[in-house]
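A.B. asks: Sharing a structure below in structure tokens format, with a few things to ask.
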Amino acid sequence: MPSETNFAPVKTGLRISTCMTIAAPLVDSFGRAHTNLRISVTDRCNIRCFYCMPNENVRFKPRHELLSFEEIERFARVVVPMGVTKLRITGGEPLVRHEIHKLITRLAAIPGVQDLAMTTNGILLTDQAAALRQAGLNRLNISLDAMHEETFAKIARREGLQRVLDGIFAAQQCGFDRIRLNAVAIRGLTEDEILPLAEFARKHRLELRFIEFMPLDAEGRWDDGQVLTGEDIRRRIEAEFGPLVTADRADPSQPALDYQYADGAGRVGFINPVSQPFCGDCNRLRITAEGQVRNCLFSTVEWDARQVIRSGGEDDQLADLVRACVEAKKPGHGIDSPEFLRPRRAMYQIGG
Ligand code: SAM
Ligand code: SF4
22 MPSETNFAPV KTGLRISTCM TIAAPLVDSF GRAHTNLRIS VTDRCNIRCF YCMPNENVRF
82 KPRHELLSFE EIERFARVVV PMGVTKLRIT GGEPLVRHEI HKLITRLAAI PGVQDLAMTT
142 NGILLTDQAA ALRQAGLNRL NISLDAMHEE TFAKIARREG LQRVLDGIFA AQQCGFDRIR
202 LNAVAIRGLT EDEILPLAEF ARKHRLELRF IEFMPLDAEG RWDDGQVLTG EDIRRRIEAE
262 FGPLVTADRA DPSQPALDYQ YADGAGRVGF INPVSQPFCG DCNRLRITAE GQVRNCLFST
322 VEWDARQVIR SGGEDDQLAD LVRACVEAKK PGHGIDSPEF LRPRRAMYQI GG
């Protein structure tokens, strides 16, 4: 069970020279530079994946507790000069946040943002892909764990596979050309989805990434026996499609191990946070929908940016808060350690 609530007190009143504070890069005590910010815009969702959310009676945050688009933009404008170049919008399901494309427009206009991406379940994409593209979103990750409606419904506890597939095609038609599919793999449930997913991705020129199931489900049912490892999946794919060739790692901090199909039909990757943790190269920082800054998915401590913003704090106070968060980052998540404690939040309350 999640165990803690010892959130760090907000630092207020600490005033260092604005330029010094804001300009220095976000390097933690292990030398990892933080260039990547995940911004959650809601804890709401239109489906109920069992590895992320409770099925019923979800207590969502009231609207006034969520950061407004203005507040999110302000936070981004503080961290981008500190070396953050990549922003990813996530949730909950980001497309259920009203007029999310208007946030994209604001973030795309910030000088220094080199990559503006979103992770979505794709269900509402058909209607929104064009507006997102026009607003300046350059990359989309779409979650798709199964090609069979029955398995999809067992995971999502709602229907919707066809809408996701329609959303993928709509996004391609709108000019999103680097769409990635994210598939969470669950032992005992999704083995028969591996090859159909790979076939679909190869056929439609989509990059597929399998993600190991992490202990971030809301119902606390995770156990390591449900983890279908990336290595296991890779062997199954090679048995069907032939040898996979290691792809170049353009960005050493990327979590995925990427491969190319020897026949030239694209790439497939594996994100193995449980069996092969990549914490040593982590460059990610997160802000939850209600403005809590986190240095790790598994962090048990948060820094309250919303309090600084809503109490009239200056940009340098926000910068100090982010720096304190980064400096406190641990070397790794420690899932395999006997001392591991799950965070109090589940995935939908953090932003994956
Ligand atoms: N709703 C959007 C979606 O599903 O793409 C964005 C938010 S979701 C939390 C972000 C990603 O986290 C998705 O790809 C989802 O499959 C993944 N995810 C959620 N819970 C997970 C878990 N316990 N282990 C591994 N991945 C998880
Ligand atoms: Fe919703 Fe995404 Fe969580 Fe699934 S993984 S319940 S789509 S937020």
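Here the sequence shown stands for residues 22 to 373, where the numbers follow the working numbering. Positions of the beta carbon are idealized from the N, C-alpha and C atoms, including for glycine. As the structure is a computational prediction, the values presented were derived from the model and not from experiment.
Does DSSP put residue 233 in a helix, a strand or coil?
C.D. replies: Residue 233 falls in the strand class under three-state DSSP.
A.B. asks: Per DSSP, which residues does residue 281 bridge with? Please list them.
C.D. replies: According to DSSP, which records beta bridges pairwise, residue 281 is partnered with 266, 288.
A.B. asks: Residue 6: beta carbon under 7 Å from a heavy atom of the ligand SAM?
C.D. replies: The shown model of the chain, from 22 to 373, leaves out residue 6, and the question about it has no answer.
A.B. asks: If I'm right that residue 161 touches residue 197 with Cβ under 8 Å, what's the distance once you round it to whole angstroms?
C.D. replies: Contact holds; Cβ gap of about 5 Å.
A.B. asks: Can you look up residue 125 in the DSSP assignment and give me helix, strand or coil?
C.D. replies: Residue state, collapsed to three classes: helix.
A.B. asks: Give me the Cα-Cα distance between residue 254 and residue 340, rounded to the nearest whole angstrom.
C.D. replies: When rounded, the distance between both Cα atoms is 42 Å.
A.B. asks: Just to confirm my understanding: we take residue 276, look at its own chain, exclude 5 residues before and 5 after, and list those with CB closer than 6 Å. What are they?
C.D. replies: The residues are 292, 299.
A.B. asks: Can you tell me whether residue 239 is helix, strand or coil according to DSSP?
C.D. replies: Residue 239: coil per DSSP, three-state reduction.
A.B. asks: Is the beta carbon of residue 168 closer than 8 Å to that of residue 218?
C.D. replies: Their beta carbons are under 8 Å apart, which means residue 218 touches residue 168 by this criterion.
A.B. asks: If you draw a straight line from the alpha carbon of residue 327 to that of residue 135, how long is it in whole angstroms?
C.D. replies: Rounded to the nearest angstrom, the two C-alpha atoms are 25 Å apart.
A.B. asks: Let me know if residue 155 comes out buried or exposed under the rule of 16 or more other beta-carbons within 10 Å of its beta-carbon.
C.D. replies: Burial call: exposed.
A.B. asks: Here's a check: name, in chain order, each residue in its chain whose Cβ is nearer than 6 Å to the Cβ of residue 76, leaving out the five neighbours to either side.
C.D. replies: Result list for residue 76: 69, 178, in chain order.
A.B. asks: Please tell me whether residue 214 and residue 284 are closer than 8 Å, where the distance is taken between their beta carbons.
C.D. replies: No, Cβ-Cβ distance for residue 214 and residue 284 is not below 8 Å.
A.B. asks: Report buried or exposed for residue 123, applying the criterion of at least 16 other Cβ atoms within 10 angstroms of its Cβ.
C.D. replies: With fewer than 16 Cβ atoms within 10 Å of its Cβ, residue 123 is classed as exposed.
A.B. asks: Go to residue 368, then tell me how far its alpha helix (DSSP H) extends in each direction, as first and last residue.
C.D. replies: Looking at the DSSP string, the run of the alpha helix (DSSP H) that includes residue 368 is 368-371.
A.B. asks: Name, in chain order, the residues that DSSP records as bridge partners for residue 137.
C.D. replies: Looking at the DSSP assignment, residue 137 forms a beta bridge with 108.
A.B. asks: Under the assumption that residue 82 contacts residue 349 (Cβ atoms under 8 Å), give the Cβ distance between them as a whole number of angstroms.
C.D. replies: In fact, because the Cβ distance is near 24 Å, the residues do not count as touching under 8 Å.
A.B. asks: Measure the alpha-carbon distance for residue 306 versus residue 201 and round it to whole angstroms.
C.D. replies: Their Cα atoms are separated by approximately 21 Å.
A.B. asks: Apply the 10 Å Cβ neighbour rule to residue 61 and answer buried if 16 or more other Cβ atoms are within range, or exposed otherwise.
C.D. replies: It counts as buried.
A.B. asks: Starting from residue 202, trace the alpha helix (DSSP H) both ways and give me its first and last residue.
C.D. replies: First-last for residue 202: 201-206, but that is the beta strand (DSSP E), not the alpha helix (DSSP H).
A.B. asks: Using a Cβ-Cβ cutoff of less than 7 Å, which residues in the same chain neighbour residue 127 once the five nearest sequence positions on both sides are dropped?
C.D. replies: For residue 127, where only same-chain residues beyond five positions count, the Cβ hits under 7 Å are 90, 94.
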